[in-house]
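To keep things clear, I will list the structure first and then write my remarks on it.
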Amino acid sequence: MAINQHQHKTEKREREYISGMLHRTVWMKRFIPQVWITRSIQVFISLCRAAMRETSSSLDIPEEEEETNKGGVIHPCNSCGRFYSKADGLQRHFESEEHRQRVLFLKERFGESWQQFRWYNQATESQNLNMEEPVGVAFVVPLSGFFCKLCSQFYNSEVSAKDVHCRQSSHIKKVKEWDRTSKGSMISLSLDANEIAAAVKKNDGGSSPPRSSKSSSQRRSPSSSRQGSHSSRDRQDETKDLSDVSDEEESSIKSETRSTSRHPKSNVSEKSEDNIQKGDFKLEEGELSASEVRQLEKNQETARIVKEWETREKQRHWDREQRDLTKQREEEREKEQSKRDRERKERREREDRERKEREERERQRKEKREREKLEKERQDKEERDRKEKIQREKAEKERKDKERKEREKREKEEKERKEKEKIEQQEREKAHLEQEKQIQEERKRLQEAKEQLEKTRQLQEQRENDFQANQMRERAMLEKRIWEQQMRERELMEQQLRQQQLLEQQEFERSKMMQQMSGERMTNHERLEQERKERELHDQQRRENES
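Those letters in the sequence shown? Residues 1 to 547, by full-length UniProt numbering.
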C-alpha cells in the first residue's frame, strides 16, 4: 500500500514538472530564437545524463523499454538532404532521376570514394578508423571555412578540407616538397584576403550562384534528429562568423558556401537550389516538409526529456530512501559499536589484570628456573672436573707405558742394527783385503813383465842392427799387451767399485728399513757417525781410483 502511494505521488510530481517545462518552452519560443532553445534543451539533457551516470545505488532499478517516438520515424536521403515519413517514399526517391543526378554530381566532385565519408552515409566512427591518414593538415586554416595555403584551395567544411583535400595526391606531393625545402620551419597562419577571394573564385569557376532560400537551408537536415540540430547550428555559426571578416572575404566565402555544399551533411544538388530560388520547388510524394521535420524532432526531444526526467526522479527517490536506510543502519551500527567498545574496554582491563598476574607468576617461575639452572651447572662442572682429572691420570699412565715400550723397542732395534753393521763392516774389510791382494798380484805381474821387457831390450840392443824391425814389432806387441793389461785392471777396479756401491745401497736400504720399523729418527751422534763412515769410504775409493 505504501509503495502504491509513493508511486502515485511520484507520477503526480512528474506530471507537474512536465507541464511546467512545456509552459516554459512555449514562453521561450515567443521571445528566444529556436537555436537557443535547442541548445538549452541539449545542455539540459547532457547534464541530466551526466547526473544519471554519476549517481550510483546498491539496489538495481528495473529497466523499462523505451517508448517509440510520438512523431513517427524519419527516413532521410543523405545525398539529397530530403526526409520521408515512409520507407516507400524514400525508395521511390532513390529511383528518381534527380537522386541519380545528385549521386553523379557527388562522384564527379569528390571521386569514387565519396561514400566513405561520414556525412554521406550512416557509417559509424569505428568504420572510419581504418582510413588513410590525412597529410599536411596544418596547412588548412579555418576562417568561416577552410583555406589550404599550400594549394590555394578554399573549402566550406572542415571534413571536406581535411578528409578529402588532404588525401589528394597533388596536396600530398606539395606537402612533401614543402617539407624538403622548408627544413622543419613553422607554418604561418596569417592569410591574405585577396588570396582567399582568388581561391574561392577559382573553385566557383568565375560564376556566383543564386542565393538559396531559407526553407531550403532549413530542409537540409541530416539523417537523424540530433545531427539535424547540430548541422543547423553549424550553418548559423558559419553565417555569424562571416561578420568578423571583410566585405570582400564575406562575398567570396558566401559565394563558395552557396556554390559548394554548405556542410558535409547538407548535400543538395544544384538543380534543387535553382528550383528553390525560382520558387517552383515541390515536395515529392511522402516527403516531409521542414516544419514537419522540426515538429518530429521536437516531439522526439520532448519524449526523451520526459523519459530521462522520470528516470532521474525515480533514481532520486530511490537514493533518498537509500540515504534514510543508510542513516538508520549507521545509527544502529554506532550503538552496536559503542556497546562493543565498552565490552572491549572491560575485556582489555580484565586481560591487563590477568596479564600482570601471569607476568608475576612467570617472573617467579623464571627466577626459580634460574636458581635451579645455576645449581645444576655447578654440579655438572664439579662432575666434569672430576671426570677430567681421572681421564688425565689415565692418559698419563698410558703415555708412560707407551714411552717405556717404545724405549725398549728402540734399544732392541739399535742393538740389532749395531750387530748388522759389525757384520757388514767385516764383510767390507774382507772384500777390501781381497781387492788389495788382487792389486798386488797385478802389480807383481806388471813388475815381471817390466823385467822381461828390460831383458828383451837388452837383447834388442845387442841385436839392434840385425833385428830392428823385429824389435819394433815386439815392442808394439808388448805395448798392446800392456794396454790390455791396464784395461783389465781398470775394468777390475770398476767392477770392485760397482760392488762397493751395491753394498752401500743395500746397506742404506737396510738402514732405511730399520728406521721405518723402529718408527723414530736417528740421533745426531748416529747421523754424524754414519756420515764419517761414508766419508772414509769415499776417500778410500778415491785413493784406489788414483792408484
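Think of the CB as a built atom: it goes at the ideal place given N, C-alpha and C, for glycine as much as any other residue.
Since the structure is predicted, the reported quantities are computational estimates derived from the model, not experimental observations.
Below 8 Å on the Cβ atoms is my guess for residue i versus residue j; work out the distance and round it to an integer in Å.
i, j, result
"Q471", "Q486", "In fact, because the Cβ distance is near 22 Å, the residues do not count as touching under 8 Å."
"Q435", "Q496", "5 Å"
"K174", "P134", "Contact flag wrong, Cβ pair sits at about 14 Å."
"C80", "R100", "Incorrect: roughly 10 Å between the Cβ atoms, too far for contact."
"I172", "G145", "Going by Cβ atoms, the distance from I172 to G145 rounds to 22 Å, so no, they are not a contact pair."
"E484", "T456", "Their Cβ separation, rounded to whole angstroms, is 17 Å, which puts E484 and T456 out of contact at 8 Å."
"R510", "K420", "7 Å"
Out of the options, state which residue places its alpha-carbon closest to the alpha-carbon of residue i.
i, options, result
"F508", "E531, L90 and W178", "E531"
"S169", "Y155, R294, C151 and R543", "C151"
"H538", "Q501, Q516, A290 and E321", "Q501"
"N167", "E313, C148, N156 and R316", "With the sequence shown as reference, residue 167 is identified as Arg, and Asn is not the correct amino acid for it. Per the Cα distances, C148."
"L106", "V164, K455, E297 and R498", "V164"
"V293", "E534, I74, K345 and Q541", "I74"
"E544", "K356, Q468, F467 and K437", "K437"
"Q516", "E413, I439, L104 and R481", "E413"
"S85", "T326, R404, Q295 and E98", "Q295"
"M514", "K415, S157, D466 and E367", "K415"
"L492", "Q452, E441 and K450", "E441"
"R417", "E526, W483, E98 and R445", "E526"
"R481", "K381, R361 and R445", "R445"
Excluding the five sequence neighbours on either side, which residues of its own chain have a C-beta within less than 8 Å of the C-beta of residue i, listed in chain order?
i, result
"E427", "L503"
"F94", "C77"
With which residues is residue i paired in a DSSP beta bridge?
i, result
"P76", "F83"
"F154", "F147"
Can you find a CB in chain D that lies within less than 8 Å of the CB of residue i?
i, result
"K327", "The structure shown contains no chain D, having only a single protein chain."
What does a CB cutoff of less than 7 Å around residue i pick up in its chain, not counting 5 residues either side in sequence?
i, result
"T239", "Interpretation of T239 is limited by its pLDDT of 39, a score under 50 that renders its predicted location unreliable; the figure taken from the coordinates is listed afterwards. Correct list: empty, nothing qualifies."
"E331", "none"
"Q541", "L497 and Q500"
"L478", "L453"
For residue i, which residues of its own chain have a beta-carbon under 6 Å away from its beta-carbon, when the five flanking residues on both sides are left out?
i, result
"R404", "none"
"L90", "H75 and Y84"
"R39", "Low per-residue confidence applies at R39: pLDDT is 48, beneath 50, and the placement is therefore not dependable, though the value from the model is reported in the following sentence. Excluding positions up to five away in sequence, the list is empty."
"D429", "Residue identity differs from the one stated: residue 429 is Glu in this sequence, not Asp. Counting only Cβ-Cβ distances below 6 Å, and skipping sequence neighbours, we find nothing."
**Study point:** Contiguous alpha helix (DSSP H) assignments of at least 4 residues, all confined to the region 450-482
**Key:** Qualifying alpha helix (DSSP H) stretches: none in this window.
Practice item. Jot down the residue ranges of each uninterrupted beta strand (DSSP E) in the region 391-434, minimum 3 residues, whole runs only, in chain order. Key: As far as the region 391-434 is concerned, it has no whole beta strand (DSSP E) run of at least 3 residues.
Exercise for review: For the region 325-381, list the beta strand (DSSP E) runs that are entirely contained and at least 3 residues long, ordered along the chain.
Suggested key: Segments of the beta strand (DSSP E) lying fully in the region 325-381: there are none.
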